[in-house]
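These protein sequence lines are chains E and X, in that order.
Per my numbering, the first sequence starts with residue 25, numbered consecutively.
Per my numbering, the second sequence starts with residue 16, numbered consecutively.
Structure first, then comments.
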Amino acid sequence: MSAVTVGATGPVVVNEFAKLRHLRVGLVAGLMVLGTVALTLLSTVTSAEFADPATRTWDVPLAGLSLAVPMVSPLLLAVVASRMVDIEHQGNGWLMGSTSGVTPGALCRAKLLTAGTVVVAATVVTHLAVWALGRLAGIDAPVPVGLWAGFAVTSLAVNLVVLALHLVLSAKVDNQLVALGIGLLGTVVAVFGSGFPGWFAHATPWGYYSLVAVAGYEGEHLVTTAPSYLSVLVLVGLAAALFVLVTSRFDRQEARS
Amino acid sequence: MTPSLSAVLGTELGKLKRSLSWSIVVLLPLVMVFAGSFMTLVSQQQLADGWHTLWLRSVVFYGLFPLTLGLGILASLVWRPEHRGGNWNALMSTPVPTLRIVLAKTLAIALLGAVMQLVLLIAVVVTGKLLFGLPGLLPPRYLLVTALLVVAVLPVAAVQSALSMTFRSFAAPVAVALVGAGIAAVALAAELGGVIFVLPHALTARATQLATGTFGDSGQLTAGGSLAIVCASAVLTLLVVALATRFQERRDVRV
Numbered sequence: 025m026s027a028v029t030v031g032a033t034g035p036v037v038v039n040e041f042a043k044l045r046h047l048r049v050g051l052v053a054g055l056m057v058l059g060t061v062a063l064t065l066l067s068t069v070t071s072a073e074f075a076d077p078a079t080r081t082w083d084v085p086l087a088g089l090s091l092a093v094p095m096v097s098p099l100l101l102a103v104v105a106s107r108m109v110d111i112e113h114q115g116n117g118w119l120m121g122s123t124s125g126v127t128p129g130a131l132c133r134a135k136l137l138t139a140g141t142v143v144v145a146a147t148v149v150t151h152l153a154v155w156a157l158g159r160l161a162g163i164d165a166p167v168p169v170g171l172w173a174g175f176a177v178t179s180l181a182v183n184l185v186v187l188a189l190h191l192v193l194s195a196k197v198d199n200q201l202v203a204l205g206i207g208l209l210g211t212v213v214a215v216f217g218s219g220f221p222g223w224f225a226h227a228t229p230w231g232y233y234s235l236v237a238v239a240g241y242e243g244e245h246l247v248t249t250a251p252s253y254l255s256v257l258v259l260v261g262l263a264a265a266l267f268v269l270v271t272s273r274f275d276r277q278e279a280r281s
Numbered sequence: 016m017t018p019s020l021s022a023v024l025g026t027e028l029g030k031l032k033r034s035l036s037w038s039i040v041v042l043l044p045l046v047m048v049f050a051g052s053f054m055t056l057v058s059q060q061q062l063a064d065g066w067h068t069l070w071l072r073s074v075v076f077y078g079l080f081p082l083t084l085g086l087g088i089l090a091s092l093v094w095r096p097e098h099r100g101g102n103w104n105a106l107m108s109t110p111v112p113t114l115r116i117v118l119a120k121t122l123a124i125a126l127l128g129a130v131m132q133l134v135l136l137i138a139v140v141v142t143g144k145l146l147f148g149l150p151g152l153l154p155p156r157y158l159l160v161t162a163l164l165v166v167a168v169l170p171v172a173a174v175q176s177a178l179s180m181t182f183r184s185f186a187a188p189v190a191v192a193l194v195g196a197g198i199a200a201v202a203l204a205a206e207l208g209g210v211i212f213v214l215p216h217a218l219t220a221r222a223t224q225l226a227t228g229t230f231g232d233s234g235q236l237t238a239g240g241s242l243a244i245v246c247a248s249a250v251l252t253l254l255v256v257a258l259a260t261r262f263q264e265r266r267d268v269r270v
């Protein structure tokens, strides 16, 4: 069998999916869905804007989602990335992969594809669950499809960028304290991001959670805004270029033991 | 002769040299105080109630999530060397009783946690004086709250140590800490005060709310409230250490 066939993307990704089961990545993704939906639900039912059944709108759960996603996602994405990469550090996976034609960079790219698929699925389930629970809670107003879809897509894009960053970090620095510590500090930036000026929000990937928020409270009033599509587009482009660059540099490094 | 607890603790602290533990111990409290202060400056608001407002903005959110997650990461760091190579069996083959190992690991994590609270306290004082020019010094009740916080990190240190002992993964116990912190936040928001006797993460979060008037707190630092924190810390720590020791003695070496 040639090295090209062995190292082809398809089988490597299939292998990565097989690894997910024992890593309990599904469980962590489930926690992400559960945590986000629970926080959204809590902030919705405790909101004064939700008290009158006749005037209930989707803006309230959207404000809840805009707060819950940055609170829950950054750390759990760091956990997913660390779980997926740490086994290669502990089990000599980098060296084994290299000797069978799968370079460390290719392994990282396969991990992003695999974990990214899980994150996309978790995002779809989260938004559908909030919609279903909103209907059950008696929100009869028409769904603001454009605004909601914009938030879903842009917040997913930020999540994928943060995931890619953590995969690279966990792979580069053996001590997982660094990746998880940065994930924790990232959570703080994500949560406080909306209170910081625009330039600060643009400075780190976690600040973009505040740029994609579509609803929030200004004093007592609930206001909606469109997500910053252009900022997110630039972030995704920059992150994709950096991810390809860094992982191709991994390919040119001597195999690690 | 078996090594004493202080000797085992000394060994554990020695393992932490060049482990980057300082990045969590120092950076996390600094970032939390900085975030609270920066938001106040950006919004061009004044600290309505001086030191009290600064303390509240620096400490309450820190206690809800970052503190327990930081302790979770430190616990994983302390146990990480034992899960690598043949170190696990080497640890289990030493003449040190399991209880002493579990206790030393817990104390090492709690000691790092105690330093975190001191860094937080110093950061609040420095920010209050230099950035906001607050009159006088931080009221003494917050020194007492810091001392109670040092005690309150013990049960979280114990439970996260037990988890990191059980799981080889660095990240899994941190995910459990997030779940614990989430349940604690909901329970404290619902003003279920008794949760501090059951869930260590809630106890730590509650200790950060003392004298702040947030969640179910009265805004006063009472003897009863302080005693409840100390008693719950002692009971939960002893219980978790005993359970972890018993579990570990049954597990022993692995191939």
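From the three backbone atoms N, C-alpha and C, an ideal C-beta is built for every residue, glycine too.
Here the structure is a predicted model, which is why all the values come from computation and not from measurement.
Please go through the same chain and pick out, in chain order, the residues whose beta-carbon is closer than 8 Å to the beta-carbon of residue i, but skip the five residues on each side of it.
i: Q59 of chain X; result: none
i: V167 of chain E; result: W82 and W155
i: V142 of chain E; result: L44, V49, G50, A53 and V104
For residue i versus residue j, is the C-beta distance shorter than 7 Å?
i: G205 of chain E; j: I39 of chain X; result: yes
i: V111 of chain X; j: T260 of chain X; result: no
i: V168 of chain X; j: T219 of chain X; result: yes
i: V52 of chain E; j: S71 of chain E; result: no
I need the straight-line Cα distance from residue i to residue j, nearest angstrom please.
i: A199 of chain X; j: A205 of chain X; result: 10 Å
i: V270 of chain E; j: G129 of chain E; result: 8 Å
i: T29 of chain E; j: R80 of chain E; result: In this predicted model, T29 of chain E has a pLDDT of only 48, less than 50, meaning its place in the structure is not dependable enough to derive any value.
i: H92 of chain E; j: T147 of chain E; result: Just to set this straight, residue 92 of chain E is Ala in the shown sequence, not His. Cα to Cα, the separation comes out at about 12 Å.
i: A90 of chain X; j: A50 of chain X; result: 25 Å
i: Q235 of chain X; j: R156 of chain X; result: 9 Å
i: F224 of chain E; j: G231 of chain E; result: 7 Å
i: P170 of chain X; j: A177 of chain X; result: 10 Å
i: A173 of chain X; j: A257 of chain X; result: 10 Å
i: N39 of chain E; j: A62 of chain E; result: 33 Å
i: K32 of chain X; j: W94 of chain X; result: 14 Å
i: K283 of chain E; j: V48 of chain X; result: No answer is possible for residue 283 of chain E: it lies beyond the span of chain E, which begins at 25 and ends at 281.
i: L209 of chain E; j: A102 of chain E; result: 11 Å
i: A250 of chain E; j: L201 of chain E; result: 36 Å
i: L28 of chain X; j: A129 of chain X; result: 14 Å
i: V144 of chain E; j: L180 of chain E; result: 7 Å
i: T68 of chain X; j: A226 of chain X; result: 11 Å
i: F74 of chain E; j: T150 of chain E; result: 20 Å
i: F230 of chain X; j: L47 of chain E; result: 37 Å
i: L122 of chain X; j: L158 of chain X; result: 22 Å
i: V126 of chain E; j: L257 of chain E; result: 31 Å
i: Y77 of chain X; j: P35 of chain E; result: 44 Å
i: G158 of chain E; j: D198 of chain E; result: 43 Å
i: L171 of chain E; j: V238 of chain E; result: 7 Å
i: G85 of chain X; j: A138 of chain X; result: 17 Å
i: V140 of chain X; j: F147 of chain X; result: 10 Å
Using DSSP with H/G/I as helix, E/B as strand and the rest coil, what is residue i?
i: L118 of chain X; result: helix
i: T229 of chain X; result: coil
i: E27 of chain X; result: helix
i: Y65 of chain X; result: Per the sequence shown, residue 65 of chain X should be read as Gly rather than Tyr. Three-state DSSP puts G65 of chain X in coil, outside helix and strand.
i: L171 of chain E; result: helix
i: E242 of chain E; result: strand
i: T17 of chain X; result: coil
i: V247 of chain E; result: strand
i: I163 of chain E; result: coil
i: A214 of chain E; result: helix
i: W82 of chain E; result: coil
i: G140 of chain E; result: helix
i: G158 of chain E; result: helix
i: L218 of chain X; result: helix
i: T228 of chain E; result: coil
i: R261 of chain X; result: helix
i: D110 of chain E; result: helix
i: Q200 of chain E; result: helix
i: D76 of chain E; result: coil
i: R95 of chain X; result: helix
i: P98 of chain E; result: helix
If you drop the 5 nearest sequence neighbours on each side, which residues of the same chain put their C-beta closer than 6 Å to that of residue i?
i: V210 of chain X; result: A202 and A217
i: S194 of chain E; result: A105, S106, V109 and A203
i: P215 of chain X; result: P170, V171, V174 and L251
i: L79 of chain X; result: A200 and A220
i: A196 of chain X; result: F80, T83 and H216
In chain order, what residues of the same chain lie with their CB nearer than 7 Å to the CB of residue i, ignoring the 5 residues before and after it?
i: L92 of chain X; result: S34 and S36
i: V215 of chain E; result: P94 and M95
i: G50 of chain E; result: L44
i: P188 of chain X; result: G87, A90, S91, Q175, L178, S179 and F182
i: M56 of chain E; result: V96, S97, L100 and A146
Exercise for the section: Decide if the stretch 180-196 of chain X is in contact with the stretch 152-169 of chain X; the criterion is three or more beta carbon pairs, one per stretch, under 8 Å apart. Expected result: Judged by pairs of C-beta atoms under 8 Å, the stretch 180-196 of chain X does not touch the stretch 152-169 of chain X, as fewer than three such pairs exist.
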